[in-house]
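Undergrad: Here it is: the structure, laid out below.
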Amino acid sequence: MMRLVLTRRDDAPAWMVLVSPLVAVALTLLSGAVMFALLGLDPLKALGVYFISPISDGWALQELAVKATPLILISVGLSLCYLSNNWNIGAEGQFVMGAIFGGWVAIATHGAANDPWVFPAMMLAGMLGGAALGMIPAILKTRLAVNEILTSLMLVYVAELLLDWLVRGPWRDPKGFNFPQSVMFDKDAQVMRLMADGRINLGTPIAIIVVVIAAIMMARTLKGFEIRLVGAAPRAACFAGFDEKRLTWTVFAISGALAGLAGIIEVSGTMGHLQPSVSPGYGFTAIIVAFLGRLNPIGCLIAAVVLAITFIGGENAQISLRLPLDVTRVFQGMLLFYVLACDAVLNYRFERVRTGGAAA
Amino acid sequence: MTMFEAILLTIITASTPLLIGAIGQLVCERSGVLNLGMEGMMIMGAACGFAAAILSGNSYVGVLAAILAGMAMSLIFAVLTLGLAANQVASGLALSIFGLGLSGVIGAPFVGAKRDQMAKLYLPGLTDIPVIGKALFGQDPFVYASFALVIGVWWFLARSKPGLVLRACGENHASAHALGYPVLKIRLLAILFGGGCAGLAGAYLSLVYTPFWSPGMTAGRGWIALAIVVFASWRPWRVLAGAYLFGGITILQLHAQGAGVKVPSQFMAALPYLVTILALVIIMRRRGGQKTAPASLGTPFVPDR
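Chains as they are written, first to last, in our numbering: chain H, 159 to 518; chain B, 431 to 735.
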């Protein structure tokens with residue numbers, strides 16, 4: 159009898175580190191084709207709608223950038239958390255909280271004289287909102303050892319319900335025909351569009367700047383080293399004098415702030431007002447982006463584009479193939495499965511071992 | 431039926447899915463595996479259970495399909511975390527996202543379909559006892575199954591030898607392996623049990639609680655079940671108490687809304703989630719930082735030869 163045995167290794171060749179996410183994407187496409195065939199669709203045509211149509215023309219590419227922007231911002235922050243063993247899975251809530259705080263600035267200054275400070279104030283408020291919500295699980299974790307996975311997730315529901323109440327209650331547009339949405343933000347309170355046609359806005363360059371800063375921080379600064387060391391070898395980090403608790407606060411604050419920033423950019427850049435639902439699940443998808451991007455800022459940038467394609471492909475498929483939007487989530491879940499499975503190939507050597515003979 | 435009886439009945443209905451889900455997860459975690467895919471397995475159980483019940487016209491076929499769906503989902507998790515030693519947190523999250531999506535695809539043709547709630551058992555004499563009769567002896571089979579599960583799991587973990595071995599795997603997988611116990615095989619069975627229970631809990635939601643299918647209908651119950659296991663310090667009887675506490679809060683919230691309490695409905699709807707956080711805070715304060723989780727929880731195990 160033969161048996162497969164895993165042996166840990168730390169010497170995965172560099173080419174494998176780069177190729178493994180690509181293999182994961184390829185396997186996802188293959189599984190997707192099987193799924194479409196099972197649903198009675200032409201697999202090639204369906205995959206074309208999902209993965210080719212979102213990158214087929216200039217307008218679509220702009221839309222892709224708009225969708226990738228929040229994913230980049232959130233996943234860069236989450237990578238810092240995951241690298242240091244802090245499991246923040248409540249980015250969706252921090253995104254919503256950023257939209258609420260930033261939106262409040264826009265609503266409070268509505269109708270006042272145009273002021274160039276409104277926009278930066280909104281961005282700052284959005285970051286504060288996201289960070290504030292992110293700090294709750296961090297503080298509960300460091301003070302009372304409460305599991306941050308559960309608390310950060312529970313706060314997602316709380317933030318969503320808070321937004322729902324605000325836009326149906328106190329912040330509802332009095333002239334909005336009773337629709338549950340806030341007033342339209344002033345022109346100064348909206349993220350600047352970069353092109354005359356299409357929706358690409360200032361958020362995308364902001365996200366790229368964040369990637370560059372994060373990449374430099376991780377590769378070149380002591381903080382970056384601390385984050386990696388605490389995750390990889392907490393005891394060694396403790397002996398080195400790094401304060402694990404303070405680091406937990408830092409990474410939760412940063413990732414919360416980035417998710418909040420993504421939230422207010424999304425609201426003021428693409429919607430222009432607050433509404434009951436402001437995210438198609440960016441906060442959860444960003445978790446997949448972070449892993450597909452190997453918890454590396456540049457990797458997150460590339461992975462965000464891949465996942466943004468599935469969002470737009472999903473919308474296109476809903477219209478042209480009448481597929482439910484949930485198919486997008488199936489793709490995203492499968493992608494993470496394959497990413498994790500391919501990681502095993504990097505971390506372990508597979509050997510076939512003869513068994514049975516020795517036992518006799 | 432009196433008001434008291436009605437409240438008691440609804441509390442039981444709200445608590446049962448949490449109890450079934452949490453008791454399965456407890457066994458899984460006691461073997462040292464943290465499966466955050468609860469939400470995904472539960473909602474797959476709800477979707478597949480409802481679909482199978484509609485197609486076959488038989489609720490019990492639905493229940494069976496739900497259990498199998500939950501187990502199939504947990505098998506994906508087992509392949510990743512046991513077979514490939516993948517990160518358990520990330521694998522569980524992937525399972526949740528995947529399950530929420532796939533259940534939507536499977537359930538799409540059944541949105542709007544209706545079924546009668548599964549019949550409640552009627553035990554002559556016992557069910558007729560005033561006040562407590564209907565609550566104690568007039569429930570659907572799920573409720574009795576949930577109590578049987580608690581008793582069974584308690585007996586298995588505390589009194590049986592296989593239960594002891596399972597706990598050993600959760601506390602120190604290297605020692606259990608050194609003693610010659612098949613750690614991965616035991617964990618596989620524990621994961622499958624957890625998946626089956628999650629599927630069953632999902633079936634309860636779509637076949638009894640609502641009874642219809644709507645996408646995302648678990649609404650975080652899988653996550654609350656996970657919190658209940660922590661809250662219960664990984665002990666079966668405390669899981670029972672925790673599930674009923676959370677079920678009670680859900681119902682309190684509904685009745686308060688019905689009674690016209692002047693609080694926005696969104697605040698009441700947020701209550702179960704806030705109470706979950708609060709309960710975790712209180713339980714951790716009381717423990718004073720003492721660790722009660724199985725020592726090997728969440729760490730992958732790769733046997734050496």
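Each residue gets a CB set at the ideal place from its N, CA and C atoms; glycine is no exception. Here the structure is a predicted model, which means the values were calculated and not measured.
1. Just the chain B side, please: which residues come within less than 7 Å of alanine 502(H) by C-beta, in chain order?
2. What does a CB cutoff of less than 6 Å around isoleucine 456(H) pick up in its chain, not counting 5 residues either side in sequence?
3. Tell me whether phenylalanine 572(B), by its Cβ, gets closer than 7 Å to a heavy atom of the ligand SAM.
4. Mind checking whether valine 254(H) and alanine 184(H) have CB atoms under 8 Å apart?
5. In three-state DSSP terms, what is arginine 301(H)?
6. Measuring only between beta-carbons, confirm whether glutamine 687(B) sits less than 8 Å from chain H.
7. To the nearest angstrom, how far is it from the Cα of leucine 523(B) to the Cα of arginine 717(B)?
8. Using three-state DSSP, classify valine 511(H) as helix, strand or coil.
9. Let me check one thing: in DSSP terms, what residues is isoleucine 267(H) bridge-paired to?
10. On the DSSP letters alone, give me the boundaries of the alpha helix (DSSP H) that isoleucine 616(B) sits inside.
11. Would you mind listing the alpha helix (DSSP H) stretches within the segment 338-380 of chain H that are 4+ residues and don't spill past its ends, in chain order?
12. Between the segment 468-480 of chain B and the segment 509-527 of chain B, do at least 3 Cβ pairs fall closer than 8 Å?
13. Kindly provide the ranges of any alpha helix (DSSP H) runs that are 4 or more residues long and lie completely inside the segment 186-231 of chain H, ordered along the chain.
14. I think methionine 342(H) touches glycine 430(H), with their Cβ atoms under 8 Å apart; what is that distance to the nearest whole Å?
15. Just to confirm my understanding: we take leucine 587(B), look at its own chain, exclude 5 residues before and 5 after, and list those with CB closer than 6 Å. What are they?
16. Taking the straight line between their C-alpha atoms, what separation do you get for alanine 390(H) and arginine 357(H)?
17. Per DSSP, which one or two residues make a beta bridge with tyrosine 506(H)?
18. What does the alpha-carbon distance come out to for the pair isoleucine 364(H) and leucine 459(H)?
19. Going by beta carbon distance, what residues of the same chain come within less than 6 Å of serine 533(B), once the five residues before and after it are set aside?
20. Would threonine 443(B) be called buried (16 or more neighbouring beta carbons within 10 Å of its own) or exposed?
21. From Ala482(B), Thr706(B), Ala452(B), Phe540(B), pick the residue whose C-alpha is nearest to that of valine 314(H); which is it?
22. Contact check, valine 175(H) vs leucine 504(H) under 8 Å by CB: the rounded distance?
23. Give every residue of the same chain whose Cβ lies closer than 7 Å to the Cβ of threonine 309(H), excluding the five residues on either side of it in the sequence, and list them in chain order.
24. Give me, in chain order, the residues of the same chain whose beta-carbon lies closer than 7 Å to that of alanine 516(H); leave out the 5 immediate sequence neighbours on both sides.
25. Using a Cβ cut-off of 7 Å, pull out every chain H residue sitting near isoleucine 738(B), in sequence order please.
26. Can you grab the Cα-Cα spacing for the pair glutamate 250(H) / serine 636(B), in whole Å?
27. Using the C-alpha atoms, what's the distance from glycine 292(H) back to leucine 710(B)?
28. Identify, in the order they occur along the chain, each residue of the same chain with its Cβ nearer than 6 Å to the Cβ of valine 595(B), setting aside the five sequence neighbours on each side.
29. Just to make sure I have the definition right: I need the residues of chain B whose C-beta is within less than 9 Å of the C-beta of asparagine 440(H). Which are they?
30. According to the neighbour-count rule (16 or more other Cβ atoms, all chains shown, within 10 Å of its Cβ), is aspartate 570(B) buried or exposed?
31. What would DSSP say about threonine 420(H), mapped onto helix, strand or coil?
32. So that I know if they touch, is there some Cβ in chain B lying closer than 8 Å to that of alanine 391(H)?
33. Could you give the DSSP three-state label for leucine 682(B): helix, strand or coil?
34. With a cut-off of 8 Å, do at least 3 Cβ pairs link the segment 401-408 of chain H to the segment 479-490 of chain H?
35. Please list the terminal residues of the continuous alpha helix (DSSP H) segment that includes lysine 333(H).
36. For the segment 209-216 of chain H against the segment 411-422 of chain H, are there 3 or more C-beta pairs whose distance is under 8 Å?
TA: On the basis of the coordinates in this document:
1. Leu514, Ala515, Ala516
2. Ala373
3. Absent from the structure shown: the ligand SAM. Ligands present: none.
4. no
5. helix
6. no
7. 28 Å
8. strand
9. Sequence check: residue 267(H) is threonine here, not isoleucine. Looking at the DSSP assignment, threonine 267(H) forms no beta bridge with any residue, so it has no partner.
10. 613-634
11. 361-378
12. yes
13. 201-205
14. 5 Å
15. Gly593
16. 41 Å
17. Arg166(H)
18. 12 Å
19. Ile473, Met474, Ala477
20. buried
21. Thr706(B)
22. 6 Å
23. Ile294, Pro295, Leu298
24. Residue placement at alanine 516(H) is flagged as unreliable, the pLDDT there being 43, under the threshold of 50; the coordinate-derived value follows with that caveat. Cβ neighbours of alanine 516(H) beyond the five flanking positions: none.
25. With chain B represented from 431 up to 735, any question about residue 738(B) goes unanswered, as that position is not in the structure.
26. 26 Å
27. 17 Å
28. Tyr611
29. As written in the sequence, residue 440(H) is tyrosine, which differs from the asparagine given in the question. Those do not exist, as tyrosine 440(H) stays about 13 Å from chain B at its closest Cβ, beyond 9 Å.
30. buried
31. The sequence shown places alanine at residue 420(H), not threonine. Correct three-state label for alanine 420(H): helix.
32. no
33. helix
34. no
35. Careful: lysine 333(H) lies outside any alpha helix (DSSP H) and carries neither H nor E.
36. no
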